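Residue numbers (the working numbering): 11 to 902.
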Amino acid sequence: MELSPRYDPHEHEAAVYTRWLEAGSFTPAAEAPKGAEPFTIMIPPPNVTGVLHMGHALNGAIQDIVIRHKRMQGFDALWLPGTDHAGIATQAVVEKKLYAEEGKTRQDLGRDAFLGKVWEWKELHGNQILEQYRRLGASCDWSRTKFTMDEDLSRAVRVSFLALWEKGLIYRGARLVHWDCVLQTAISDDEIEYETRKGKLWHLKYPVKDQPERFLVVATTRPETMLGDTGVAVHPDDERYGDLVGKSVVLPFLGREIPIVADESVDPAFGTGAVKVTPGHDPADYERGARHNLPIISILEKDGTLNAEGGPFAGMSREKARTEVVKQLEELGLLDKVESITHNVSLSDRSKSVIEPLVSEQWFVRMKELAEPAIAAVGNGSLTFRPERWKKVYLDWLENVQDWCISRQLWWGHRIPIWYDEDGVPAGSADELQLGDAHPKTGKPIVRQDADVLDTWASSWLWPFATLGWPDDTADLRRFYPTQFISTAREIIYLWIARMVMAGYEFVDSLPEAERCPFTTCYVHATVLDGKGKRMSKSAGNGIDPIAMIEEFGADAVRYSLMMLTREGQDVKLAPARFEEGRRFTNKIWNAARFVMMNLEGERTDGSSAAAVEVEDRWILSRLARTRSEVHTALTDYHFNDAATALYRFVWNDFCDWYVELAKGRLAGEDDSAKAARGTLARVLNDMLALLHPFTPFQTEVLWAELGRVLGDGERGMLVRGPWPTGEGLAVDEAAEARIGVLQEVVRAVRSVRALTMVGERKALDTVIVAPRAEDRDVIESSVERLRGLAHLETVEVHAAAERPPSSAAAVAGGIEVFVRLGEDVDTAKLSETLARRADKARKGLEALSKKLANQGFLANAEPEMVEAEKVKQEELEQELALLERNLEGLS
RNA sequence: GGGCCAUUGGCUCAGUUGGUUAGAGCGCCACGUUGACAUCGUGGAGGUCAGUGGUUCGAAUCCACUAUGGCCCA
């Protein structure tokens, strides 16, 4: 295959992905290879309604890098994909569509027909986001794709529900819950968001019973709820109201007498210091009411309109009732005043409507007991967070966890597995029962199933093991559970991570307690912000579509850029232009590989070992040894940015800028040096592609195949299956690194002179190099040809000591003077400036160093090696400064 | 209201346990194109590390406070 001069991702991505799929590359072997340890990642299942956003792309890239690294290393690697049925979100999407297209509501269709519509929609659109993950290169085992409402996962939900119910950890009761009046369902604490809004604080006058002309003024942001008041509370120490405690006020409109109670929870400084108590519609009042035995009155229907308790306002919407109540109180002279305030309003995450606290019958999970092992898990090291600070967030939530309202008044979801006979006796069953079946306990016919469905998290908390076959003790469960790594966004720590840990400990009883934690590492990835530092969101319209970025820059470039940009979960500001870095890099890799292979055609070298006959061969192999080790360590520790940076430097700076340039002159021949250069190029490219593969899988797979062909090794498999470079045959070579270091210094010095004196690139220059150290002279003398090539020199004279030749410019590098012969008319002003600047800098550095070395405190306290190192540095700096000053004089 | 994070050259970010003459990429300036790559090469300019105080022989790095921006939770 002819490689094009530019890397074109469109040409390869789809084809490469198809090859992986056809080879079953992502599916673990039917049986775990002998000695191979498992490594499992469970994808955080995206909503079936979802489309890929940048957060998914980042998270997907991270998981893919981890699993590819492990797979190449020979682990029994599984990355299991799937989607979440997302109860409210999905139902809302389909309801909206149904209404828009047919003008019907779900009630018009009825439960079964509506669910049919949702399934239809799911089959049609539910795989979109998984398709998008493929575009990113995600190496999930698609043969194990799961959906939270699959029959086996649904059964797992029923089994888990019944287990908790039988243990008394699930109960049913009337409680104040967060009610979404638009979607008409209860929602959990975690589905609420808060918005700071400007509002009003109405001061209402309640007439005190039997004390004409005396009023108790209460302040409220929700005046319509006064219809549900069953008391008024003041602080016990509040002198303004002391004499009123124990008396009553008469509720306007309704004439209900309600008591005045003293309660510590009242803030005397807020409003008037007297608060109306509405246990049916406010969580704080619910508790106050309970303390003082106040009745609970619910004034709202499920749709947010006022019921009969609303008296003259019955039938109005809550908004209308508010206006009317205020207006009529004013007419009655019972409105004291109105203040403007800003306060936090609770909104439903899904419908964005104002949450109404409402008392209703719901199912709850007792969380305290379940939380205990999850709390212990981080203490005993079973679970680690990366970065570690998220541990605190996790623990805070668990330690203050409230009972979990798991019932939802929806149709789309797992229906609660409780059936009733005609007497209302409940019975649970893991298998679905039919109406008319005999009730398991009473034997009477079943007349109905509980109408509610479960919160989506009540299925996704089972994800790490239900996807592997739980509650059955399957081979997959034994083989792949517990998992090793999970990657998620921070706001999911409580919603999902904490619950999965609880569920793991509670349900996976085929394992000893110590082995039940569903994952060992929870990686909390960065939040992707827009170019201005704001969170990307659909509503703000500031999102960047990853698929559009993949189209424009290529999947590899997108992945690489994301890794270069995000350091250890530090938030990242992202703009489309940031992907150019990745594109440039993938192009660079492409061309480096292209160059190597152009020079390898027909060469018979297996690329696995390289005969290093020249110092640059030893040097690049030494750099490769270091880079391999850095990348491997970084990936093992999940430091993706470090690995990406190390690879970038190696590929671009070491390999392309220096080694390839040094090798160019040797490749023409057929001698040992040429052969060694080819062998080294092949070896380095080979390992480089493998090390890059987790980051840029598409491109490296293409190049790997091409390299195999060029080397005549058609038998080797795809890179996706490894091998991961072990570093075999590679060693750090300090001597070679030092020698090339000297060479680099000299080359840079000449180039700098050339640029600063404007002599141009064309002219080959004559140089005199003065190197007092014998080892430096040795390097330079043996590298004259290299210097001639890299710095475009004509002659190179090397001396231990010499005067500056006439008409020459000078550069100083690491104790070495490089004199470049120039014509008389050459302008050395810029060069002098640069030398002067460097001399200044050296002088400042030296000053600081001398001060430090004269400091008794430093000499007494610092480690001896440190003092010694500073002395060496001082000597070097002194020498450099002397050279700079000497040459500066000569130039001016 | 509680918690967390950030503040380093024009922009985006590195800087491991305190000791560097404070780094990188982009952008900018200058020069360069008969072949790996102009999605390129070479050289250069540019920062008293948000502020104040403290700890220390020594602080971009540790502590406290302040300011600004952001995120999560209530």
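Note that the Cβ used here is the ideal one computed from N, Cα and C, for glycine as well.
In this text the structure is predicted, and so the values were computed from the model without any measurement.
Neighbourhood of residue i by C-beta, 8 Å cutoff - its chain only, sequence neighbours within 5 removed
i, result
"Gly283", "Val244, His245, Asp248, Arg250, Tyr251, Val276, Asp277"
"Ile365", "His188, Trp189, Asp190, Ile197, Ile202, Ser356, Leu357, Ser358"
"Val255", "Val244, Pro246, Ile270, Val271, Ala272"
"Val877", "Leu863, Phe868, Leu869"
C-beta atoms of residue i and residue j nearer than 7 Å
i, j, result
"Gly579", "Ala536", "yes"
"Arg168", "Pro481", "no"
"Gly543", "Lys598", "no"
"Thr231", "His291", "no"
"Asp566", "Gln709", "yes"
"His802", "Ala774", "yes"
"Gly314", "Arg328", "yes"
"Leu214", "Ile351", "no"
"Lys312", "Ser258", "no"
"Glu33", "Leu146", "Looking at the sequence shown, residue 33 is not Glu but Ala. Not a contact, by the Cβ cut-off of 7 Å."
"Arg638", "Pro735", "yes"
"Ala603", "Leu713", "yes"
"Pro69", "Ser497", "Residue 69 is actually Asn in this sequence, not Pro. Against a cut-off of 7 Å, the Cβ pair of Ser497 and Asn69 comes out as a contact."
"Arg78", "Pro704", "yes"
"Val670", "Ile630", "no"
Beta bridge counterpart(s) of residue i as assigned by DSSP
i, result
"Asp1", "In the structure as shown, the chain starts at 11 and stops at 902, and residue 1 therefore has no counterpart that could be examined."
"Phe49", "Ala87"
"Leu211", "Glu349"
"Leu464", "Ser417"
"Phe225", "Pro217"
"Pro455", "Ala448"
Opening and closing residue of the beta strand (DSSP E) in which residue i lies
i, result
"Thr531", "529-534"
"Trp429", "428-431"
"Ser258", "258-260"
"Trp373", "366-375"
"Val778", "775-780"
"Trp600", "No beta strand (DSSP E) holds Trp600; the alpha helix (DSSP H) holding it covers 590-608."
"Pro269", "267-272"
"Ser818", "818-823"
"Tyr181", "180-190"
Whole-angstrom distance between residue j and residue i, CA atom to CA atom
i, j, result
"Arg916", "Leu753", "One cannot answer for residue 916 here, as it falls past the ends of the chain, which runs 11 to 902."
"Val336", "Asn317", "18 Å"
"Thr155", "Thr37", "11 Å"
"Lys3", "Val457", "Residue 3 lies beyond the range of the chain shown here (11 to 902); nothing can be said about it."
"Arg165", "Ser469", "10 Å"
"Leu677", "Val511", "59 Å"
"Gly265", "Thr240", "12 Å"
"Leu702", "Val411", "43 Å"
"Ala745", "Leu634", "15 Å"
"Ala585", "Phe395", "28 Å"
"Ser417", "Arg121", "17 Å"
"Leu179", "Gln338", "48 Å"
"Gly281", "Glu523", "52 Å"
"Asn663", "Arg545", "35 Å"
"Leu304", "Glu267", "12 Å"
"Val348", "Ala324", "24 Å"
Own chain residues within Cβ distance below 7 Å of residue i, not counting five before or after
i, result
"Gly423", "His95, Gly97, Val463, Leu464, Thr466"
"Thr493", "Thr50, Ile51, Met52, Pro474, Pro528, Phe529"
"Lys286", "Val228, Thr230, Met236, Asp239, Val242"
"Leu174", "Ile180, Val375"
Start-to-end residues for the alpha helix (DSSP H) that takes in residue i
i, result
"Gly514", "509-517"
"Asn354", "From DSSP, Asn354 is part of no alpha helix (DSSP H) but of the beta strand (DSSP E) over 345-358."
"Lys685", "682-702"
"Leu645", "625-646"
"Thr333", "328-341"
6 Å Cβ shell around residue i - same chain, five flanking residues per side excluded
i, result
"Asp460", "Ile426, Ile428"
"Pro455", "Gly446"
"Ala653", "Val641, Ala644, Leu645"
"Trp30", "Val730"
beta-carbon residue i near the ligand MN non-hydrogen atom, thresh 6 Å
i, result
"Pro874", "The ligand content of the structure shown is nil, which means the ligand MN is not present either."
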